[in-house]
Amino acid sequence: FGMTGWEVLPQNRYWPLMQAVAELGPVAVAVAADGLNLYSSGIYDGCPLDAVVNHAVVLVGYGTDTSSGDKFWTVQNSWGRGWGERGLMRILRHDDDEERCGVNRHPEQGSGCDGGPPQVPVCGMCGILFEAVVAHFEMV
């Protein structure tokens, strides 16, 4: 396999992210990490609406809980297999771009630059729809 490029997905858009992970595989996403260190299992829904997006994880899939019917994203964190569900986390997934949107008032804590916008809109639980990048590979 050889990486041939990468693509930034549209900000705060549900369907492009859903399509990318389904058709292309893992997608790098940014999320609000405050409080995630306490996560151990289940579908996480504890991020504030005005999430400060400040941590990169890899979106590896999505699903629906058979017991509750809740929809979720599955992300892999860099904190090792002892964290969460063997290194993975399920984050509550909303089907609508604008169903859960807020304002990140500290974008410089993530990928924002000093002197950049003082606030940015973020959508999805933990701001998961805000910033996503997918790598493109050539099959060899």
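Residue 1 is where the sequence shown starts when you use full-length UniProt numbering, and the numbers rise one by one after that. In this text, a Cβ means the ideal position worked out from N, Cα and C, and glycines have one as well.
Rounded to whole angstroms, the Cβ separation of Asn104 and Met89 is 20 Å, and the two are not in contact under 8 Å.
In this structure, the CA atom of Leu49 is about 21 Å from the CA atom of Met18.
The C-beta distance from Gly102 to Ala51 rounds to 6 Å, short enough to meet the 8 Å contact threshold. Between Ala132 and Val58, the C-beta spacing is not below 7 Å. For Glu23, the uninterrupted alpha helix (DSSP H) segment begins and ends at Tyr14 to Glu23.
Counting only runs that start and end inside the region 79 to 109, the beta strand (DSSP E) elements of at least 3 residues fall at 88 to 92 and 101 to 104.
Considering only Glu99, Val60, His55 and Gly82, the residue with the shortest C-alpha distance to Arg13 is Glu99. Here Gln76 is bridged, per DSSP, to Val58 and Leu88.
Val60 and Gly116 have their C-alpha atoms spaced approximately 30 Å apart.
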